[in-house]
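*Asks:* Please find one structure pasted underneath; my questions will follow.
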Amino acid sequence: MLSKNTFSNALKDPRNIQILWLSSFLLTGIICLDWLANVSYYFFVFISALSVQILFIRVNHLPWSALKSAVITSLGLCLLLKVNQPIFGLLAGAVAIGAKFLVRLNSKHIFNPANLGILVLVLLGEGWISPGQWGNEGLIVVFIAICGLLVTMKVGRLDTGLSFLTVLLIAEFLRTVVYQGWPMDHFLHTFSSGTIFLFAFFMITDPMTSPNSRKARLIWGAFLALTSFWLSSFMQLYTAPIWALFIWSLFTPIFDKIFIQPKFKWI
Amino acid sequence: MDMKIRFVSIAVLLLSTFQSQSFCGFFVAKAGANLYNKSSQVILVRDGDRTIVTMSNDFKGDVRDFAMVIPVPTVLKEQDIRVVDPTIFQRIDDHTAPRLAEYYDNNPCAPVIQYETMLMKNSMVLESSVSLMEDEADYGVKIEAQYQIGEYDILILSATESNGLKTWLVKNGYSLPPKAEEVLDPYIKNDMKFFVVKLNLEKQLDSEFEGLSPIQISYESSKFMLPIRLGMANAEEAQDLTIYAFTRTGRVECTNYRTIEMPSNREIPEFAEAHFDKFYVDVFEKQYKIENRRGVFLEYAWDLSATQPVKCDPCPTPPLVYDDLNKSGVGWVAQQSGWGDYSGQLFITRLHVRYDRENFPQDLRFQTTPNRTHFQCRYIINHPASGDLSCDGAIEYLESVVDRRKKELEEVELLAGWNISGYTNYVAPYEKQLRLKKGEDSKKGSVLPIGFDPKSPKFLLYIFLFMLIGLSVPWLFVRRLMKQYLK
C-alpha cells in the first residue's frame, strides 16, 4: 500500500509539495480569515484553469502531470486575487493558463500565469489584491515563510526568492529606518505580511518564468525587488510586486541569452 | 413563522467607553494645560488622486489652550480648506452605525396583524479645538501659507529638520509631547507639510461657543493614508477612530493592516436591547482582542449610487442626500431634482479602528477596491408571541422559542463575552410552559452548550494538523492510482 517508495516518489516532484502548502494556506484563509464567502470564486478559477489546461494537454499531447501546474496557478489566483463577481474567476483562470500556452518564446512561456491573471483583472477594474489580508500574525507569516523556503529549496529556486527578499529588505531599511528615521517596528511591520512571503516564495520562484542560470536569477530577483520597491514607495502602488514581475518576466529571455543554461524540468 | 420587523439603530455610544485623542494630529497645549480629547471621526473622500479629509475632534477643554498639527502631503491652497457643518458627522454616523433589528413572533394561535415601527438612538457629539502662536524665526521652518478660514487661523509649515520644528513650536508657546519628535522627522523626510490650526479667538469669542466646526482639506496626492502616528505621540492608551469613506468604485480597504468584517446578522437576547450600546462596545472590544489588537474593522459598506434603488435596508435614517454629500466633499455627484436627489456613482465604507503605538507602527494606508458588496453590522432580537397559546401549534412554537433563546444566550456570551449564568430566567419560563403543555413534570434544567471559539490557537493547530493529514493521504492514493492507470 503506502510504501516508503510511494512517499519519496511523491516528494520528488516539488509541485506536489507546492500544492499541499498552497492549499493549506487557502484552507487557513477560509477557516481562520473568513474567506468562506469567496468559495464560489475559487470554484470558478479551478474550473476554468483546469479545463483550459486539459484542452492544451490534449492539443499538445502533454503528460497528464501537467495538470499540477494548473492547480498551482489556480491556488495562486485564489490566494492573491479578489474579485467583485465570482464569475470573473473564469476569466482569471482562462487568461492565466491560456497565456501560458499561447505566449511563448524559446519553448518557455513568458508570463507567470497567475501573475498575468491577476494583472488583467486588476486592469479591468474587476479584481484587486488585499495586501493586508493575512494580518500581521506571527503564526501564519512564519508558516508561509517556512513552507516557502522548503518548496523553493526543492525546486532549486531559493536564490530568486532570497535575492528578492534581501534586496527589498535592504532598500526598505535604508529608506524607512536610516533615511526617514522611523523606528524599527515600522520597518518590521512591512515584512510581517504574509503576502510578501507568498509572493517571494511561491510566485517569482516559478522555474518556468525565471531565468535558467543561477547568476541570472540572482540579478533578476534583485531587479525585481528594486522595481517593486520603487513602485510601492514612490508611486504608492500597492500592487507593485505584480507589476514588477510582469515587467521583468519580459526580460527573462534576454537573461537566458546572456547566461546560457539548460531549461528547467519538473521531474 | 411570520415575523414583523421593528428597527432600532443605535449609533455607537462610544463617548464614555472609548477614550481617545485626535486622530491624526496631536494637540499641542500651551503651558502644560491638561488636554483631553475623545474619540474622533473622519470623512475620507477619494476620487482618483484627489483626497478630501474632513476631521472632527471631540475636544473638551479650554479652547484657548489649543492647537492641532496635521501632516499633509502638499501645501494646501486657500480654496482647499473649508469648515463644514458639524452635523454632517452625526448624519453619517446615524446612517451607518451598527444596528439592532427587532422581530416580533406571530402568535401561532392568533390571526396575523401587521405593524412596523422605527426607533432611534444616537451617538457621537462633536467639537474640536485649537489655539496657537505667532513669530517667525529661522529654525529651518518655513511658513508656506497662512489663511483665516471660519473660526480658525491656519498655517502651513514646511520644515527641514524635526529639531527646528520642535524648537519653533516650543518657542511659540507650545509644549510638545515627548515622543512627538520620533515621528516628526520621518514626516519631514517624507516631504510632508504641517497643517497647523489654531482658533481665532476674537472671532470665536464674538459668537457664542457652540462647538467648533470640522475642518475639511483637499489635496492631490497618490498617497491615500491617514497619519495616525503623530496622534499617538501623546497617548499611552488606545484611541478610537471611525472613518467614513466615499468613493466612486467600491469599498475602501486598509492595505497595511487586515480589514475585518465585524460579526453581523447574529441573533441576540431580548434583554440586550436596553443595553445595545454597551453590547456593541463589548463586541468590538472582544473582536479587537481576538484580532490581537490589530486590524481595521468594517462596520458598514453600501452602494449609494443614484442608480441603486435600495440605498439602505432597513434604513435607520433617511438616505443621504446631495446636501450631505456636498458637505462631505463628494465632488463628482451632481444635484438633480426628483427622487434620489443626486446622480452619479457612490459607495460608502465605514471603518472602525482602535489603535495604539505598540500595535500600529505604521500610518493607516488605504486603497479603493472595485468591491461593491454590501455589508452592515446588524444584530437581531426576537420577541416571542404573548397571549393565549392553547392551540395545537403551540408546542412546536414553544420548542422553537426555547431553542432559540438558548442559542441567543450563547451568542451574547460568544460575541460580547457577557456572563450568562445569571440569565437562566431567560429560558426557564418558556421551558416551564412547554413542560406544562406536554404534561411533563420532569425537572430537566436547561444546560447551555459551551461556545467554541474558532480563533483560539489550539483550534488553529488542530486545523493545520487535519489539513496536512487530510490532504496528503488522499493525494498519495490518487497519485498511485493515476500512475497505475496511466501505465
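Protein chains in written order, with the working numbering: chain F, 32 to 298; chain X, 138 to 624.
No residue lacks a Cβ here, since even glycine has one placed at the ideal position from N, Cα and C.
No experiment lies behind these values; they were computed from the predicted model shown.
Between Phe233(F) and chain X, is there a C-beta pair that is closer than 9 angstroms?
*Replies:* No, Phe233(F) lies away from the interface with chain X (no Cβ there is under 9 angstroms from its Cβ).
*Asks:* Against chain X, with Cβ distances strictly below 9 angstroms, would His220(F) count as a contact?
*Replies:* Chain X, which has a Cβ nearer than 9 angstroms to the Cβ of His220(F), makes this yes.
*Asks:* Going by C-alpha distance, which of Gln84(F), Leu147(F) and Gln49(F) is nearest Phe277(F)?
*Replies:* Here the closest residue by C-alpha is Leu147(F).
*Asks:* Excluding five sequence neighbours on each side, which residues of the same chain lie with their C-beta closer than 7 angstroms to the C-beta of Ala80(F)?
*Replies:* Once the five neighbours on either side are set aside, the close Cβ partners of Ala80(F) are Ala101, Thr104, Ser105, Gly124, Ala127 and Ile128.
*Asks:* In angstroms, rounded to a whole number, what distance separates the CA positions of Asn143(F) and Gln49(F)?
*Replies:* The alpha-carbon atoms of Asn143(F) and Gln49(F) are separated by roughly 16 angstroms.
*Asks:* Ser505(X) lies in the beta strand (DSSP E); which residues open and close that run?
*Replies:* The question names Ser, but residue 505(X) in the sequence shown is Thr. Leu501 to Thr505 is the extent of the beta strand (DSSP E) around Thr505(X).
*Asks:* Can you look up Trp95(F) in the DSSP assignment and give me helix, strand or coil?
*Replies:* Trp95(F) falls in the helix class under three-state DSSP.
*Asks:* So Ser280(F) and Thr236(F) are supposed to be a Cβ contact under 8 angstroms. How far apart are they, rounded?
*Replies:* Between Thr236(F) and Ser280(F) the Cβ distance is about 12 angstroms, and since that is not below 8 angstroms, they are no contact.
*Asks:* Within 9 angstroms (strictly less), CB to CB, does Lys426(X) reach chain F?
*Replies:* With 9 angstroms as the cut-off, Lys426(X) does not count as an interface residue toward chain F.
*Asks:* So what's Tyr276(X) in DSSP terms, helix, strand or just coil?
*Replies:* If DSSP states are grouped into helix, strand and coil, Tyr276(X) belongs with coil.
*Asks:* In this structure, what does DSSP give as the bridge partners for Phe331(X)?
*Replies:* The partner list for Phe331(X) (beta bridge, DSSP) reads Pro208(X) and Leu294(X).
*Asks:* Quick one: is Leu170(F) near chain X, going by C-beta distance under 9 angstroms?
*Replies:* Cβ-Cβ to chain X under 9 angstroms: yes for Leu170(F).
*Asks:* Check whether chain X comes within 9 angstroms of Gln84(F), counting only Cβ atoms and requiring the distance to be less than that.
*Replies:* No, Gln84(F) does not count as interfacial toward chain X.
*Asks:* Confirm, please, whether the CB-CB distance from Lys113(F) to Asn69(F) is below 9 angstroms.
*Replies:* For Asn69(F) and Lys113(F), yes; Cβs fall inside 9 angstroms.
*Asks:* To be precise: take each residue of the segment 111 to 124 of chain F, compare its Cβ to all Cβ atoms of chain X, and keep it if any distance is under 9 angstroms. Which residues remain?
*Replies:* From the segment 111 to 124 of chain F, only Lys113, Val114 and Asn115 have a Cβ closer than 9 angstroms to chain X.
*Asks:* In chain order, which continuous runs of the alpha helix (DSSP H) of length 4 or greater are located wholly inside the segment 201 to 280 of chain F?
*Replies:* You should have 215 to 221, 225 to 229, 245 to 265 and 271 to 280.
*Asks:* Looking at Ala234(X): is its Cβ nearer than 9 angstroms to the Cβ of Pro451(X)?
*Replies:* No. Outside cutoff.
*Asks:* Taking the continuous beta strand (DSSP E) assigned at Thr386(X), which residues delimit it?
*Replies:* Neither: Thr386(X) is in no beta strand (DSSP E) and is coded neither H nor E.
*Asks:* Leaving out five residues on either side along the sequence, give the residues of the same chain with a beta carbon under 6 angstroms from the beta carbon of Asp461(X).
*Replies:* Hits under 6 angstroms: Arg228.
*Asks:* Quick check: what's the CA-CA separation for Leu608(X) versus Ala443(X)?
*Replies:* The alpha-carbon atoms of Leu608(X) and Ala443(X) are separated by roughly 48 angstroms.
*Asks:* Looking at the ligand FAD, does it come within less than 8 angstroms of Tyr240(X), judged from the CB to the closest heavy atom?
*Replies:* You won't find the ligand FAD in this model; it holds no ligand whatsoever.
*Asks:* Among Lys574(X), Asp230(X) and Leu546(X), whose alpha-carbon lies nearest the alpha-carbon of Tyr381(X)?
*Replies:* Of the listed residues, the one whose Cα sits closest to Tyr381(X) is Asp230(X).
*Asks:* Counting pairs of Cβ atoms below 8 angstroms between the segment 475 to 494 of chain X and the segment 377 to 393 of chain X, do you hit three or more?
*Replies:* Flag = yes, the segment 475 to 494 of chain X and the segment 377 to 393 of chain X touch.
*Asks:* For the beta strand (DSSP E) containing Gln353(X), name the first residue and the last one.
*Replies:* Note, Gln353(X): beta strand (DSSP E), Ile352 to Glu357.
*Asks:* Find the nearest neighbour of Leu623(X) within the set Val83(F), Val209(F), Trp95(F) and Phe222(F), judged by alpha-carbon distance.
*Replies:* Ranking the options by Cα distance to Leu623(X), first place goes to Trp95(F).
*Asks:* Would you mind sorting Ser177(X) into buried or exposed? The rule is 16 or more other CB atoms within 10 Å of its CB.
*Replies:* Under this definition Ser177(X) is a buried residue.
*Asks:* Of the residues Glu428(X), Tyr479(X) and Asn463(X), which one's Cα is nearest the Cα of Pro446(X)?
*Replies:* Comparing Cα positions, the closest option is Tyr479(X).
*Asks:* Go ahead and pull the three-state DSSP assignment for Asn47(F).
*Replies:* Of the three classes helix, strand and coil, the one that applies to Asn47(F) here is helix, per DSSP.
*Asks:* Going by DSSP in three states, Asn337(X) sits in which element: helix, strand or coil?
*Replies:* Three-state result, Asn337(X): coil.
*Asks:* Determine, using beta carbons only, whether Leu64(F) and Ile85(F) come nearer to each other than 9 angstroms.
*Replies:* In this structure, Ile85(F) does not lie closer than 9 angstroms to Leu64(F) by Cβ.
*Asks:* Quick one: which residues of the segment 46 to 69 of chain F get their C-beta closer than 9 angstroms to a C-beta of chain X? List them in chain order.
*Replies:* Within the segment 46 to 69 of chain F, the qualifying residues are Asn47, Ile50, Leu51, Ser54, Ser55, Leu58, Thr59, Ile62, Cys63, Leu64, Asp65 and Ala68.
*Asks:* Please list, in chain order, all residues of the same chain as Ala176(F) whose beta carbon is under 8 angstroms from its beta carbon, the five residues on each side excluded.
*Replies:* Result list for Ala176(F): Phe228 and Phe232, in chain order.
*Asks:* Identify the continuous beta strand (DSSP E) that holds Thr444(X) and give its terminal residues.
*Replies:* Looking at the DSSP string, Thr444(X) is not in any beta strand (DSSP E), and its letter there is neither H nor E.
*Asks:* Can you confirm whether Phe434(X), when its beta carbon is compared against all beta carbons of chain F, has any partner nearer than 9 angstroms?
*Replies:* So, not an interface residue.
*Asks:* Going by C-alpha distance, which of Leu121(F), Phe87(F) and Leu111(F) is nearest Lys131(F)?
*Replies:* Per the Cα distances, Phe87(F).
*Asks:* Kindly indicate if chain F contains any beta-carbon less than 9 angstroms away from that of Arg515(X).
*Replies:* Closer than 9 angstroms: no.
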